[in-house]
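Student:
In our numbering, the protein residues as written are -7 to 289.
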C-alpha cells in the first residue's frame, strides 16, 4: 500500500471516531441547562414554603370595614373587609353582622344583585334576628331603585311591589314598614302609568275593547294612584264610543263624586252631555264597587 493511500485511510478512520465524540460532547452541553432547569424546578418545588396566612380578629376586620364605610366613604373596600369576616369567622356573631353590612355596602355602590343575594342569605340564615326586617327592606329597595320608565317592561316593578309587600306583611311594626308603604305607592303608580300608556295606544288604534280593559285595571286595582282620574274619563269616552252608555254615565258620576275639581271630570261631563245624558251612578257597576271597596264613593 502506498504512503498516500495509508494516509487517506488513517484520516477516514480518525473522522469516523470524531463523529460520536462530537455527538457525545453536544449531548453533554445540552444536558447541562436541562439538568439545571430540572433540578431548579424540583428544588423550588420542595424548598418553597407555603404562604402563611394569619387570621385576623373578627372584631378588628369588622371595625375596619365600618371605618372604610363611614369615614373613608369607600363601600367597595368596606365590603371586602366584611367578606373577610364571613370567610375567616363564618360561625361568629361578627359574621352575622358582616353579612348584613356586606348587603348594605353593595346597595351603596349600586350593586343591587349582590345586595339582594347577601340580604336574601341573611334573611334565610337569620330569620329571627332583629335586623331581618332591614335585610328584607334592602331587597325591596334594590328592586325599587331599578324601576324603569313606563315605556319599558315593568317586571322589575312587580318584583319591587312583591318585596315591599313582604316587608309590610312580615314586619308591620318595624320602622321600615312605613318607608315600604311609601315606596309601594310609587311602584303601584308606575304600574298604573304603564296600563294607561297602553290604553291610550289602543284608543288611538280604535281598539276600544282592549283600551277599556287597561283602564278598567287602573280603576279596579290602582284607585289610589294619580292615574285613576284620567282612567275614569277614558272609560267614559270609550264606553260612549261603543254605546255602553250606562257604564259611561257611572264612570263620569264616580269621577265627579270623588274628584269634583278634576279637569278630567270636566272632560267626562262634556262627553256624557254631548250624548244628551247626565252622569248617573249605577251602584251595581264594577266601577262603583271598586271605589266602595276602598272607602271611596
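Glycine is no exception: its CB is placed at the ideal position from the N, C-alpha and C atoms.
Check this for me: beta carbons of residue 142 and residue 186, under 8 Å apart or not?
Tutor: A contact, by the Cβ cut-off of 8 Å.
Student: Rounded to a whole number of angstroms, what is the C-alpha to C-alpha distance between residue 62 and residue 97?
Tutor: Going from the Cα of residue 62 to the Cα of residue 97 covers about 10 Å.
Student: Determine whether the beta carbon atoms of residue 154 and residue 136 lie at a separation below 8 Å.
Tutor: No, these two residues do not count as a Cβ contact at 8 Å.
Student: Considering Cα atoms alone, identify which of 119, 260, 109 is closest to residue 134.
Tutor: Nearest of 119, 260, 109 to residue 134, Cα basis: 109.
Student: Classify residue 104 as buried or exposed, calling it buried when 16 or more other Cβ atoms lie within 10 Å of its own Cβ.
Tutor: Buried is the call here.
Student: When burial is assigned at 16 or more other CB atoms within 10 Å of the CB, is residue 117 buried or exposed?
Tutor: Exposed, by the Cβ-count rule.
Student: What's the gap between the Cα of residue 29 and the Cα of residue 77?
Tutor: Below a pLDDT of 50, predicted positions are generally treated as unreliable, and residue 29, at 45, falls in that range; no measurement from the model is reported.
Student: So residue 172 packs on residue 159, CB below 8 Å; how close in whole Å?
Tutor: Correct: roughly 4 Å between the Cβ atoms.
Student: Could you give the distance in angstroms between the alpha-carbon of residue 262 and the alpha-carbon of residue 197?
Tutor: Cα to Cα, residue 262 sits roughly 23 Å from residue 197.
Student: When DSSP labels each residue in this structure, what does residue 130 get in the three-state scheme?
Tutor: Three-state result, residue 130: helix.
Student: Count the other CB atoms, across all protein chains shown, that sit within 10 Å of the CB of residue 146; report buried if there are 16 or more and exposed otherwise.
Tutor: It is buried - the Cβ of residue 146 has at least 16 other Cβ atoms within 10 Å.
Student: Pop quiz: residue 279 and residue 239 are said to be a contact at Cβ under 8 Å. What is the actual Cβ separation, rounded to whole angstroms?
Tutor: With 8 Å as the limit, residue 279 and residue 239 qualify as a contact, their Cβ atoms being about 7 Å apart.
Student: Should residue 174 be labelled buried (16 or more other beta-carbon atoms within 10 Å of its own) or exposed?
Tutor: Under this definition residue 174 is an exposed residue.
Student: I need the DSSP call for residue 219, collapsed to helix, strand or coil.
Tutor: Reduced to three states, the DSSP call for residue 219 is coil.
Student: Just to confirm, are residue 92 and residue 126 a CB contact at a threshold of 8 Å?
Tutor: Going by C-beta atoms, residue 92 is nearer than 8 Å to residue 126.
Student: Taking the alpha-carbon positions, what's the residue 243 to residue 199 distance?
Tutor: Approximately 19 Å, taken between the alpha carbons.
Student: For residue 205, which of 188, 218, 216, 217 has the nearest alpha-carbon?
Tutor: Cα-wise, what sits closest to residue 205 is 188.
Student: So what does DSSP say about residue 90, is it helix, strand or coil?
Tutor: In the structure shown, residue 90 sits in a helix (DSSP, three-state: H, G or I).
Student: One question on the structure: do residue 232 and residue 267 come within less than 8 Å of each other, judged by their Cβ atoms?
Tutor: Taking 8 Å as the Cβ cut-off, residue 232 and residue 267 qualify as a contacting pair.
Student: Tell me which residues share the same chain as residue 131 and place their Cβ nearer than 7 Å to its Cβ, disregarding the 5 neighbours each side in the sequence.
Tutor: Excluding sequence neighbours, residue 131 sits near 108, 111, 112, 155.
Student: Using the Cβ count rule (16 or more neighbours within 10 Å means buried), how would you classify residue 73?
Tutor: Buried: at least 16 other Cβ atoms inside 10 Å.
Student: Restricting to Cα atoms, I'd like to know which of 251, 214, 123, 60 is closest to residue 285.
Tutor: For the residues 251, 214, 123, 60, the minimum Cα distance to residue 285 belongs to 214.
Student: When you compare the CB positions of residue 219 and residue 184, do they come within less than 8 Å of one another, or not?
Tutor: The answer is yes: Cβ separation under 8 Å.
Student: How many Å lie between residue 36 and residue 119 at the Cα?
Tutor: Confidence in residue 36 is poor, its pLDDT being 48 and thus under 50, which makes the residue's placement unreliable; the coordinate value appears in the next sentence. Taking the straight line from one Cα to the other gives about 50 Å.
Student: Could you tell me the boundaries of the alpha helix (DSSP H) in which residue 263 lies?
Tutor: Where residue 263 is concerned, the enclosing alpha helix (DSSP H) stretches over 255 to 266.
Student: State the CB to CB distance for the pair residue 270 and residue 264, rounded to an integer number of angstroms; the pair is presumed to be in contact (CB under 8 Å).
Tutor: Yes, residue 270 and residue 264 are in contact; Cβ-Cβ is about 7 Å, under 8 Å.
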